[in-house]
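Notes follow once the structure below has been shown.
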Amino acid sequence: MNSLKLTVLLLAVNLFITCDINKNNTDQLSMTKNPLLTEWETPFGVPPFNAIKNKHYLPAIKEGINSHQKEIDVIVNNKEEPNFVNIIEAIELSGVSLKRARNVFNAVNAAHTNDTLKATAKEIAPLLASHRD
Numbered sequence: 247m248n249s250l251k252l253t254v255l256l257l258a259v260n261l262f263i264t265c266d267i268n269k270n271n272t273d274q275l276s277m278t279k280n281p282l283l284t285e286w287e288t289p290f291g292v293p294p295f296n297a298i299k300n301k302h303y304l305p306a307i308k309e310g311i312n313s314h315q316k317e318i319d320v321i322v323n324n325k326e327e328p329n330f331v332n333i334i335e336a337i338e339l340s341g342v343s344l345k346r347a348r349n350v351f352n353a354v355n356a357a358h359t360n361d362t363l364k365a366t367a368k369e370i371a372p373l374l375a376s377h378r379d
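Numbering (this note's numbering), first residue to last: 247 to 379.
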């Protein structure tokens, strides 16, 4: 529990120190340039808040949903005899990119929101609800 508190504290400190939120959400970036979809080469694996812009969240979450759905399809279509590893563990380990993008978005939207993030949240909510169903 203490490591969770430390992680949240580090995220909050990093957010307030280095967050450079771009207010222009019209420019769509390719997935390869989206910092939410790349490996984070930051101390302690903290999200690179200084590189993340408002326009990155929606494409990253959409890509995360697509990738997670493909992982679930592989689990569902597995022809092996069902067991803990190929069902439960596989589901628990799936959706990493979606979880990362969603967690960063939720943290920034809660701690440092703006009109663009609020509008993005309205777009993201039904996508995530549909995906969970």
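Heads up, the beta-carbon is just placed ideally off N, CA and C, and yes, glycines get one too. Source: prediction; values computed, not measured.
Item	Value
Check whether G310 and L339 have beta carbons under 9 Å apart	no
Closest Cα partner of P296 within the set N323, P281, D379	In the sequence under discussion, the amino acid at residue 296 is Asn, which differs from the Pro named in the question. For the residues N323, P281, D379, the minimum Cα distance to N296 belongs to P281.
Nearest-angstrom Cα separation, counted from K308 out to N360	21 Å
Exposure label - A306; buried when at least 16 CB within 10 Å	buried
S313 to T288 span [Cα, whole Å]	24 Å
At least 3 beta-carbon pairs within less than 8 Å: the segment 365 to 379 vs the segment 346 to 356	yes
C-beta contact flag for I321 and I337 at 9 Å	yes
Backbone CA spacing between E317 and D379 [nearest angstrom]	16 Å
CA-to-CA distance, P372 to P294, given in whole angstroms	26 Å
Residue interval of the alpha helix (DSSP H) (run including G310)	300 to 322
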